[in-house]
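Numbering (my numbering), first residue to last: 1108 to 1387.
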């Protein structure tokens, strides 16, 4: 009897995650476990996929340890081990200089971004490791790759996730753990930050103005990248790394994977530090 393969998705509420669930070409090869905080979004997913036996739905807040622990227990009781985890949990947080920020809102953003990642890692990496070729994908965002003054909680939490991904890739050599920079996509997060533009740096105000005028990057880009990472036989060369959905050519990078092995890629995208042949 063929073994059932599971994808576990956290933060499946809207934007990139919703697009991926509804448009992925690879997702139909798996049974899909969908989780998010919103009761209405869970209801809408159930309605959309009504009658499909390979979809499972759970309402939880990944920043709450008890919720994540309870889900692990439910899956273990049903002898379900995810082979792939996609963590879309994220919050842009409050804009403004650090001296102007609310301590409560700072903590909320750190919890939604960093604590969610910690809880998922703590309880589900041991389950992933029971599977062959386990894959754990997270989102770094631009805040992890470059300074983003006036987006302090967001930047700090995303940069911390990238460093932890590096650490975890060395702690668990079997695991494939990767961060994706999705691009400047006009999702719900963008709507939130655009409403705070008076608190933001000059460069961010310009970016918001341009994205409103010309539109953001294609929402399909990170979805295609995730699909290309799934079942890629060279994926382990990228464990502990960041890949940009907009700027990086996955196939070219993996063609030159021998150049990746001995380089320090700390908090940098792959193609910004590799010295690869000029024909690329």
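Idealized CB from N, CA, C, for every residue including glycine.
Being a predicted model, the structure only gives us computed values, none of them experimental.
Same chain, Cβ closer than 6 Å to residue i, neighbours up to 5 away in sequence not counted
{"i": "residue 1153", "result": "1164"}
{"i": "residue 1142", "result": "1117, 1165 and 1167"}
{"i": "residue 1125", "result": "none"}
{"i": "residue 1306", "result": "1202 and 1203"}
{"i": "residue 1114", "result": "1137, 1139 and 1191"}
{"i": "residue 1301", "result": "1315"}
{"i": "residue 1304", "result": "1312 and 1315"}
{"i": "residue 1135", "result": "none"}
{"i": "residue 1161", "result": "1138"}
{"i": "residue 1133", "result": "1334 and 1337"}
{"i": "residue 1365", "result": "none"}
First through last residue of the beta strand (DSSP E) which encompasses residue i
{"i": "residue 1286", "result": "1283-1288"}
{"i": "residue 1115", "result": "1113-1117"}
{"i": "residue 1210", "result": "Segment 1210-1217 is the alpha helix (DSSP H) holding residue 1210; no beta strand (DSSP E) there."}
{"i": "residue 1389", "result": "For the chain, the structure presents residues 1108 to 1387; residue 1389 sits outside this window and is missing."}
Nearest residue (CA-CA) to residue i, options the options
{"i": "residue 1242", "options": "1334, 1252 and 1199", "result": "1334"}
{"i": "residue 1187", "options": "1265, 1240 and 1235", "result": "1235"}
{"i": "residue 1353", "options": "1256, 1290, 1343 and 1297", "result": "1290"}
{"i": "residue 1130", "options": "1355, 1317, 1302 and 1331", "result": "1331"}
{"i": "residue 1127", "options": "1220, 1194, 1210 and 1263", "result": "1194"}
{"i": "residue 1285", "options": "1302, 1170, 1324 and 1224", "result": "1224"}
{"i": "residue 1337", "options": "1283, 1355 and 1278", "result": "1283"}
{"i": "residue 1346", "options": "1274, 1303, 1358 and 1314", "result": "1274"}
{"i": "residue 1247", "options": "1215, 1277 and 1329", "result": "1329"}
{"i": "residue 1180", "options": "1135, 1231 and 1220", "result": "1231"}
{"i": "residue 1392", "options": "1245, 1157 and 1341", "result": "Given that the chain is displayed from residue 1108 to residue 1387, the structure contains no residue 1392 and the question cannot be resolved."}
{"i": "residue 1237", "options": "1279, 1321 and 1351", "result": "1279"}
{"i": "residue 1196", "options": "1269, 1249, 1218 and 1358", "result": "1218"}
{"i": "residue 1216", "options": "1229, 1169 and 1148", "result": "1169"}
{"i": "residue 1229", "options": "1359, 1174 and 1198", "result": "1174"}
{"i": "residue 1233", "options": "1271, 1183 and 1268", "result": "1183"}
{"i": "residue 1245", "options": "1160, 1263, 1268 and 1253", "result": "1268"}
{"i": "residue 1276", "options": "1151, 1349, 1159 and 1185", "result": "1349"}
{"i": "residue 1264", "options": "1299, 1227 and 1214", "result": "1214"}
Neighbourhood of residue i by C-beta, 8 Å cutoff - its chain only, sequence neighbours within 5 removed
{"i": "residue 1212", "result": "1200, 1201 and 1260"}
{"i": "residue 1384", "result": "Confidence at residue 1384 is low in this model, with a pLDDT of 44, below 50, so the placement of that residue is unreliable and no value is reported for it."}
{"i": "residue 1239", "result": "1190"}
{"i": "residue 1208", "result": "1201, 1259 and 1260"}
{"i": "residue 1177", "result": "1167"}
{"i": "residue 1325", "result": "1290 and 1292"}
Close beta carbons around residue i, own chain, < 7 Å, minus the five adjacent residues each side
{"i": "residue 1205", "result": "1259"}
{"i": "residue 1145", "result": "1120"}
{"i": "residue 1111", "result": "1138"}
{"i": "residue 1295", "result": "1121 and 1122"}
{"i": "residue 1323", "result": "1291, 1292, 1293 and 1297"}
{"i": "residue 1257", "result": "1202, 1203, 1204, 1306, 1307, 1308 and 1311"}
{"i": "residue 1249", "result": "1255 and 1288"}
{"i": "residue 1210", "result": "none"}
{"i": "residue 1172", "result": "1226"}
Opposing strand residues paired with residue i [DSSP bridges]
{"i": "residue 1191", "result": "1114 and 1242"}
{"i": "residue 1351", "result": "1288"}
Extent of the continuous alpha helix (DSSP H) to which residue i belongs
{"i": "residue 1137", "result": "Note, residue 1137: premise wrong, no alpha helix (DSSP H); not H, not E."}
{"i": "residue 1177", "result": "1172-1184"}
{"i": "residue 1126", "result": "1122-1130"}
{"i": "residue 1227", "result": "1223-1235"}
{"i": "residue 1279", "result": "Run containing residue 1279: none; DSSP gives neither H nor E here."}
{"i": "residue 1318", "result": "1309-1321"}
{"i": "residue 1254", "result": "Neither: residue 1254 is in no alpha helix (DSSP H) and is coded neither H nor E."}
{"i": "residue 1360", "result": "1357-1362"}
{"i": "residue 1220", "result": "From DSSP, residue 1220 is part of no alpha helix (DSSP H); its letter is neither H nor E."}
{"i": "residue 1327", "result": "1327-1336"}
* With a floor of 3 residues, list each beta strand (DSSP E) that falls wholly inside the stretch 1139-1169, ordered by position along the chain. => Counting only runs of at least 3 residues, the stretch 1139-1169 fully encloses the following beta strand (DSSP E) elements, listed from N- to C-terminal order: 1162-1166.
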